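Student: One structure, as structure tokens, below. Some questions next.
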Amino acid sequence: MALINRIAEGVLAKFRQRNCLISTKEKTVIVSATMDLTDSYSISVSTNQIENGTNITDHAHPSPETISLTCILSNDDFDYTNPINLLYDTAEQAKELLIEFAKKAEKLEVRYKDNVYTDYLITSLSFIKSTDVGDNYNASITLQKIYTATVESGTIVKGKQPVQAKPVKKSILKGIFG
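For any residue, its number in the numbering used here is found by taking its place in the sequence shown, counting from 1, and adding 419.
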């Protein structure tokens, strides 16, 4: 059994070197040829204009990382002997799955060569069908890293409440006859 697992891992490793996998927990899209993958990092800086027209900067924070893929969804080099390819069998089906991932805002994992990117959402998709690629699609996919907040509940222990002195009541008569 261990030998079969090693062989399978070797086949998958070779497969990953040529292809890019975009997957949810249940479904995977195989990108046949990745022309380039760009990961980007940026900082958002807020500026405010003051009276004399000068802009001042009062805050900066990192924006979420993004990945841009330029790739081909292909029917041409489809290998029916590869068990991974049994998930779908056309570039049209791969396109439809990517659109579904985007519309449902599903958390994705992207695997390209030795890199694994987790917790990304598709923010932009475009598909070009031209005579250069035949029945295939040139695709441009942009994904953004998402960070989710977790809420924890607990008991808040209040400190000692300050004790206020009670006001002294003075009698008017005592003040007069005093």
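Quick reminder that beta carbons are idealized off the backbone N, C-alpha and C, glycines included.
This one's a predicted model, so the numbers in the text were calculated from it and none came from an experiment.
Looking at Val-535 and Glu-528, is the spacing between their C-beta atoms short of 8 Å?
Tutor: Result yes, Cβ atoms of Glu-528 and Val-535 sit closer than 8 Å.
Student: Is the beta carbon of Leu-492 less than 8 Å from the beta carbon of Ala-513?
Tutor: Yes.
Student: Which value, in whole angstroms, describes the spacing of the CA atoms of Glu-571 and Lys-523?
Tutor: Whole-angstrom Cα-Cα distance: 27 Å.
Student: What is the DSSP secondary structure of Ile-390, counted as helix, strand or coil?
Tutor: For the chain, the structure presents residues 420 to 597; residue 390 sits outside this window and is missing.
Student: Pull the bridge partners of Thr-537 from the DSSP assignment, please.
Tutor: Paired residues: Glu-528.
Student: Tell me, to the nearest whole angstrom, how far the beta carbon of Thr-489 is from that of Thr-476; I am working on the premise that it is less than 8 Å.
Tutor: With 8 Å as the limit, Thr-489 and Thr-476 do not qualify as a contact, their Cβ atoms being about 34 Å apart.
Student: Is Ile-449 closer than 8 Å to Asp-440 when the C-beta atoms are compared?
Tutor: As written in the sequence, residue 440 is Leu, which differs from the Asp given in the question. Yes, they are a contact pair.
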